[in-house]
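Taking my numbering, I'd label the letters of the sequence shown as residues 110 to 240. Note that CB positions come from ideal geometry on N, CA and C, so glycine has one too. Here's the structure, in structure tokens; my notes come after.
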Amino acid sequence: MLPATYEIKANITEYAPFDEGVYQAVLEDIEDKGLVQTPWGDKLQMVFKFFIPSLSRNIFYTAANSWSTGGRYKPSSLYILCQAMGYKDSAKPSVEELNGLVTKPVTLVIKNKLNTKGEMRSRITDFLTAK
110 MLPATYEIKA NITEYAPFDE GVYQAVLEDI EDKGLVQTPW GDKLQMVFKF
160 FIPSLSRNIF YTAANSWSTG GRYKPSSLYI LCQAMGYKDS AKPSVEELNG
210 LVTKPVTLVI KNKLNTKGEM RSRITDFLTA K
């Protein structure tokens, strides 16, 4: 049972979309989300937290814990991200190699799109090698 002094906080955070464009960023952190229910079944996921110095803002990117270099299907977003950040091996990276990407620069392509609630949301649509 909750204590009598427990207070429910109102969510007053307003989300401000980014201007669409190309931004220099730094990877701040990687978080393992574990097994997550998706419309396509349960998937292992991780969240990448980027900091954009020119805006003093963070943006997050959720990726499936899936490594594909391409071929019959397009490369996985995890593969594209790691390649843009300097990981050039075609073999999947170890945990140490993934953690080694933290603090490295990357260029993000950000686009805006309306979500199912009709709200404008920003999303990372591509990763490019930092300039």
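For my contact list, residue i and residue j are in at a C-beta cut-off of 8 Å; report their separation, rounded to the angstrom.
i: residue 240; j: residue 216; result: 7 Å
i: residue 167; j: residue 160; result: 5 Å
i: residue 207; j: residue 139; result: 6 Å
i: residue 116; j: residue 221; result: At roughly 35 Å, the Cβ-Cβ gap does not stay under 8 Å, so residue 116 and residue 221 are not in contact.
What residues in its chain sit with their C-beta under 6 Å from that of residue i, if we drop five residues either side in the sequence?
i: residue 238; result: 193
i: residue 210; result: 136, 194
i: residue 124; result: none
i: residue 127; result: 219, 231
i: residue 214; result: 135, 239
Kindly list the residues whose CB is nearer than 7 Å to the CB of residue i, restricted to its own chain and excluding five residues on each side of it in sequence; keep chain order.
i: residue 202; result: 191, 196
i: residue 188; result: 176, 177, 178
i: residue 184; result: 177, 178
i: residue 147; result: none
Check for me: the beta strand (DSSP E) holding residue i runs from which residue to which?
i: residue 132; result: 130–147
i: residue 214; result: 214–223
i: residue 211; result: Here residue 211 belongs to no beta strand (DSSP E), and DSSP marks it neither H nor E.
i: residue 150; result: 150–161
i: residue 234; result: 229–237
Tell me which same chain residues have a C-beta within less than 8 Å of the C-beta of residue i, skipping the five on either side of it?
i: residue 145; result: 151, 152, 153, 154
i: residue 169; result: 156, 157, 158, 159
i: residue 162; result: 133, 134, 135
Item checked: Within the stretch 167–203, ranges of the alpha helix (DSSP H) (whole runs, at least 4 residues) -> For secondary structure counted as the alpha helix (DSSP H) over 4 or more consecutive residues, the stretch 167–203 holds these complete runs in sequence order: 186–193.
Margin query: Does the structure place the stretch 221–236 close enough to the stretch 148–156 that three or more beta carbon pairs sit under 8 Å?
Written below: Too few Cβ pairs lie closer than 8 Å, so no.
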